[in-house]
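Working notes, structure below.
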Amino acid sequence: MFYLLPVRSAINLMQIMWHTFRFTKRYGKADTYFSVNAYTAWIGLIMKKMGLVQKTVFWVWDYYPPIHEDKIIMLMRMIYWQFDKISSHSDRVVFVNNRLMQLRKEIGVLPRNKSFPVVSIGTDLLFKERSDSKTLTFGFIGVIKKSQGIEMILDNAEYIKKHFPQVKFEIIGSGPDEDHFKRMVKDFVFPVTFHGYLEGESFNDVLAKCTIGIATYIPDKSNVSHYGDPGKIKRYLSLGLPVIATDVFEFSDEIIKSGAGIIIDYNDQKMFVSSVKKIMNNYQVYRRNAITLCRRYYYKKIYPKLFSAG
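The C-terminal position of the sequence shown is numbered 323 in this note's numbering, with every residue numbered one higher than the one before it.
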């Protein structure tokens with residue numbers, strides 16, 4: 014796949030420029046060129062010089078560790094970082110979190126004394142009124158692989174079942190360890206449903222019936238997730254779900270301060286179980302806090318800041 018990347022990139026360049034040229038022929042110069050990718054942001058700078066766009070906006074999401082055991086991958090990442098450095102000259106550069114900004118300052122991609130706006134992934138107001146908090150339903154969305162939090166629930170199943178007789182586990186997504194977990198829950202102590210890949214209303218319908226969202230990644234600063242923004246957690250909050258997560262993301266501080274969930278130590282399974290009990294014993298409080306945090310990050314409220322300081 015990596016060997017074809019230069020070809021795909023060249024095709025993307027031609028496609029973007031061709032469609033932008035057609036757009037400007039019909040409607041005139043584009044007001045704003047927006048990108049979340051360093052390579053396509055670089056294309057935007059070219060098109061601005063050509064007079065096709067008025068303003069370029071680069072919303073920085075990506076972090077690719079430059080060192081990799083595969084020399085081809087490492088070369089591709091080094092090239093990508095060059096595009097990233099050039100694209101930092103876009104008219105407006107916005108970061109999805111502070112960690113990504115500080116990282117680029119530390120490695121010399123950005124000047125240390127310059128500040129940049131931060132706009133994280135937004136939430137949506139998808140939550141509905143609910144009164145039933147007696148049934149414990151865990152919700153998980155994402156790639157199904159070991160060390161993503163699924164095993165925390167399964168390893169503590171007997172204890173959880175003892176304290177919460179009405180317990181279920183809904184898993185949305187797929188991944189390399191899906192078969193492993195399916196074998197693990199055969200004739201299990203409580204229902205575990207693998208929904209596979211879902212989207213749209215069916216996705217939200219499953220999550221809306223859950224009571225707690227799970228996002229217990231392995232904390233590791235070398236992990237790309239350390240520099241990411243938790244779209245998974247934002248979706249849980251959008252549906253009013255309190256969260257149990259590990260301290261991987263910068264956003265963990267917001268969960269703690271808002272009381273929208275509990276941040277746990279990945280290696281402390283007793284803490285996981287006690288956190289479940291704590292949330293369920295005070296469920297409406299945690300749910301209200303999750304909804305309050307959701308409203309604070311509502312995408313219609315924060316996304317205008319991507320395009321202007323106002």
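Think of the CB as a built atom: it goes at the ideal place given N, C-alpha and C, for glycine as much as any other residue.
Assign residue i to one of two classes, buried (16 or more other C-beta atoms within 10 Å of its C-beta) or exposed (fewer than that).
i: Ile120; result: exposed
i: Leu220; result: buried
i: Pro79; result: exposed
i: Glu263; result: buried
i: Phe201; result: exposed
i: Tyr210; result: exposed
i: Asn126; result: exposed
i: Ala228; result: buried
i: Ala161; result: The question names Ala, but residue 161 in the sequence shown is Gln. Label assigned to Gln161: buried.
i: Arg21; result: exposed
Nearer than 7 Å: is that true of the beta carbon of residue i relative to any heavy atom of the ligand SAH?
i: Trp74; result: Absence of the ligand SAH from the depicted structure is noted, as is the absence of any ligand whatsoever, leaving it without description.
Just verifying my parser: in three-state terms, what is the DSSP assignment at residue i?
i: Leu17; result: helix
i: Trp72; result: strand
i: Asp278; result: coil
i: Glu214; result: helix
i: Val49; result: coil
i: Val261; result: coil
i: Leu65; result: coil
i: Gly57; result: helix
i: Ala228; result: strand
Going by CA-CA distance only, name the one from the options that's closest to residue i.
i: Gly272; options: Leu167, Arg143 and Asn302; result: Asn302
i: Gly274; options: Pro255, Gln282 and Glu267; result: Pro255
i: Met60; options: Trp72, Phe34 and Asp192; result: Phe34
i: Phe207; options: Arg90, Asp83 and Asp190; result: Asp190
i: Phe129; options: Met114, Glu142 and Asp75; result: Met114
i: Phe151; options: Leu123, Lys159, Lys158 and Ile184; result: Ile184
i: Val107; options: Arg143, Ala54, Tyr77 and Leu252; result: Ala54
i: Phe140; options: Val20, Ile257, Gly253 and Tyr316; result: Gly253
Practice item. Answer yes if the region 94-102 comes into contact with the region 224-235, meaning at least three C-beta pairs across the two stretches below 8 Å, and no otherwise. Key: Result no; under three Cβ-Cβ pairs closer than 8 Å.
Review point. Of all the alpha helix (DSSP H) runs that stay within the bounds of the region 81-133, which reach a length of 4 or more residues?
Key: 84-100 and 111-119
Check your understanding: What residue ranges within the region 151-212 form continuous alpha helix (DSSP H) runs of no fewer than 4 residues, ordered along the chain?
Key -> With a minimum length of 4 residues, the continuous alpha helix (DSSP H) runs that stay inside the region 151-212 are 163-168, 170-176 and 191-197.
Point to revise | Cβ contact (3+ pairs, closer than 8 Å) linking the region 128-136 and the region 303-322 | key: Result yes; three or more Cβ-Cβ pairs closer than 8 Å.
Check your understanding: Should the region 160-174 be called in touch with the region 282-291, which here means at least 3 C-beta pairs below 8 Å?
Key -> yes
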